[in-house]
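Taking UniProt numbering, the leading residue of the sequence shown gets 1, the next gets one more, and so forth. A short write-up of the structure that comes next.
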Amino acid sequence: MAILVLGGAGYIGSHTVDRLVDRGVDVVVVDSLVTGHRAAVNSKAKFYQGDIADQPFMRDVFKENPAIDAVIHFAAFSLVAESMKKPLKYFDNNTSGMIKLLEVMNEVGVKKIVFSSTAATYGIPEQVPIKESDPQQPINPYGESKLMMEKIMRWSDQAYGIKFIALRYFNVAGAKPDGSIGEDHNPETHLLPIVLQVAAGTREKLQIFGDDYDTPDGTNVRDYVHPFDLADAHILAVDYLRQGHDSTAFNLGSSTGFSNMEILKAAREVTGKPIPAELAPRRPGDPDTLIAASDKARKVLGWKPQFDDIHKIIETAWKWHATHPNGYQDR
Ligand code: UDP
């Protein structure tokens, strides 16, 4: 049996490929390299460059690799602010991409898929921690495109028997502990990599977007989870489907919240650098607090995140950023 990883050259995809290869799993990777990095893909995985919406290409990938029985799908755009400006880009790549993929999967008879969903499908939560059964009312096209993917999956399961697990990630941060792969987006918009770029000297200062939120110190509170722990959840989710269980969704988070100021303070402690920061206006579309109730994944999948300490998560990310201040260009 082999697993096809779509978007396996991206941040979370590359960590999952690494983890799978480490466990001796046969891995086939497809990535368009529009945002991913070829150097991030473990050399033991078989790599194809191409777009998941290119059906003749995808048919060939399945044909050349008949051992594939399950797909892990990370190949999507994921920037909230960009999605507000270019919603059609998100619906086209994320939502239409999923439709094209499912058509081919149905044709070739591969009927298991684990895919990246997001906390952004919940919108402004009515309560925290957020449960999987809470209302999903996204407030940006990115979250909407992912919610549409979840809905398309439900009907595809009903009609074609394609079983799915939607994994709704909260905030992902950290890198492989040996510092050999990590987070490299261009442009970078996420809090921790920006903080660490300032620490590494490739960026002048951090801007904190708003300090008048309804939280203890006024800055947004987020729930951070390490990509290795996410990778393990994907592997458990594939096993769960292989055991014949039904489609469902899981939140993936640490169930602990850290404010943006707390992240800055922890990063100063870990790096020993001053990390200059200034207050800036709120960024549109940021809910006050996002914290996952993740007991369902722990109970049902047996998920046991190892990185439960924000300092440890930041240490792994710092090892990557300090040794690769220009990301994969430095490899
Ligand atoms: N943030 C910030 N400055 C930055 C980038 C992000 O203050 O340069 C804040 C952002 O407003 C949010 C938190 O950091 O409150 C996490 O944002 P990020 O983009 O990392 O993840 P998101 O929560 O959007 O998935």
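For each residue, glycine too, the CB sits at the ideal point set by N, CA and C.
Residue state for residue 191 is assigned as helix, using DSSP reduced to three classes. Assignment of residue 76 by DSSP, reduced to helix, strand and coil, places it in the coil class. By the neighbour-count criterion, in which a residue is buried when 16 or more other Cβ atoms sit within 10 angstroms of its Cβ, residue 156 is buried. Straight-line measurement puts the Cα of residue 121 at about 6 Å from the Cα of residue 137. Beta-carbon to beta-carbon, residue 171 and residue 203 are separated by about 19 Å, too far to satisfy the 8 Å threshold.
Taking 4 residues as the shortest admissible run, the segment 60-148 contains the following complete alpha helix (DSSP H) segments, listed from N- to C-terminal end: 80-85, 87-90, 97-108. If you check the C-beta of residue 208 against the ligand UDP, you find a heavy atom less than 7 Å away. Around the beta carbon of residue 299, a 10 Å sphere encloses fewer than 16 other beta carbons of the protein chains shown; the residue is thus reported as exposed. When C-alpha distances from residue 4 are compared across 53, 60, 69, 39, the shortest belongs to 69. The alpha-carbon separation between residue 271 and residue 250 amounts to approximately 33 Å. When beta bridges are read from the DSSP output, residue 169 appears opposite 118, 252. Assignment of residue 289 by DSSP, reduced to helix, strand and coil, places it in the strand class. Counting of Cβ neighbours within 10 angstroms places residue 283 among the exposed residues, the total staying below 16.
Three or more beta-carbon pairs separated by less than 8 Å link the segment 91-100 to the segment 140-153, which places the two stretches in contact. Under DSSP, the beta-bridge partners assigned to residue 259 are 221. Rounded to the nearest angstrom, the gap between the Cα atoms of residue 124 and residue 191 is 20 Å. In this structure, residue 185 has its CB at a distance of at least 7 Å from all heavy atoms of the ligand UDP. For the ligand UDP, a non-hydrogen atom lies closer than 7 Å to the CB of residue 191. Counting the other CB atoms within 10 Å of its CB gives residue 34 a total below 16, which places it among the exposed residues. In this structure, the straight-line span from the alpha carbon of residue 205 to that of residue 279 is close to 11 Å. DSSP, reduced to helix, strand and coil, places residue 232 within a helical segment of the structure shown. When the Cα atoms are used, residue 134 and residue 186 turn out to be separated by approximately 33 Å. By the Cβ neighbour-count rule, residue 197 is buried, with 16 or more other Cβ atoms within 10 Å of its own. The Cβ atoms of residue 73 and residue 6 lie closer than 8 Å to each other. Scanning its chain for C-beta atoms nearer than 7 Å, with the 5 sequence neighbours on each side dropped, one finds around residue 297 the residues 233, 250, 251, 252, 303, in chain order.
Residue 150 is positioned such that its CB atom lies closer than 8 Å to that of residue 117. Burial of residue 163 is indicated by the presence of at least 16 other C-beta atoms within 10 angstroms of its C-beta. In this structure, residue 130 lies near residue 291, with their beta-carbon atoms less than 8 Å apart. Rounded to the nearest whole angstrom, the CA to CA distance from residue 295 to residue 227 is 18 Å. Secondary structure at residue 26: strand, using DSSP grouped into helix, strand and coil.
Annotated as distal: residue 301 and residue 230, with beta-carbon spacing of 8 Å or more. By the criterion of at least three beta-carbon pairs nearer than 8 Å, the segment 308-322 is in contact with the segment 259-270. The beta-bridge partner set that DSSP reports for residue 278 consists of 207. Residue 102 and residue 319 have their alpha carbons spaced roughly 38 Å apart.
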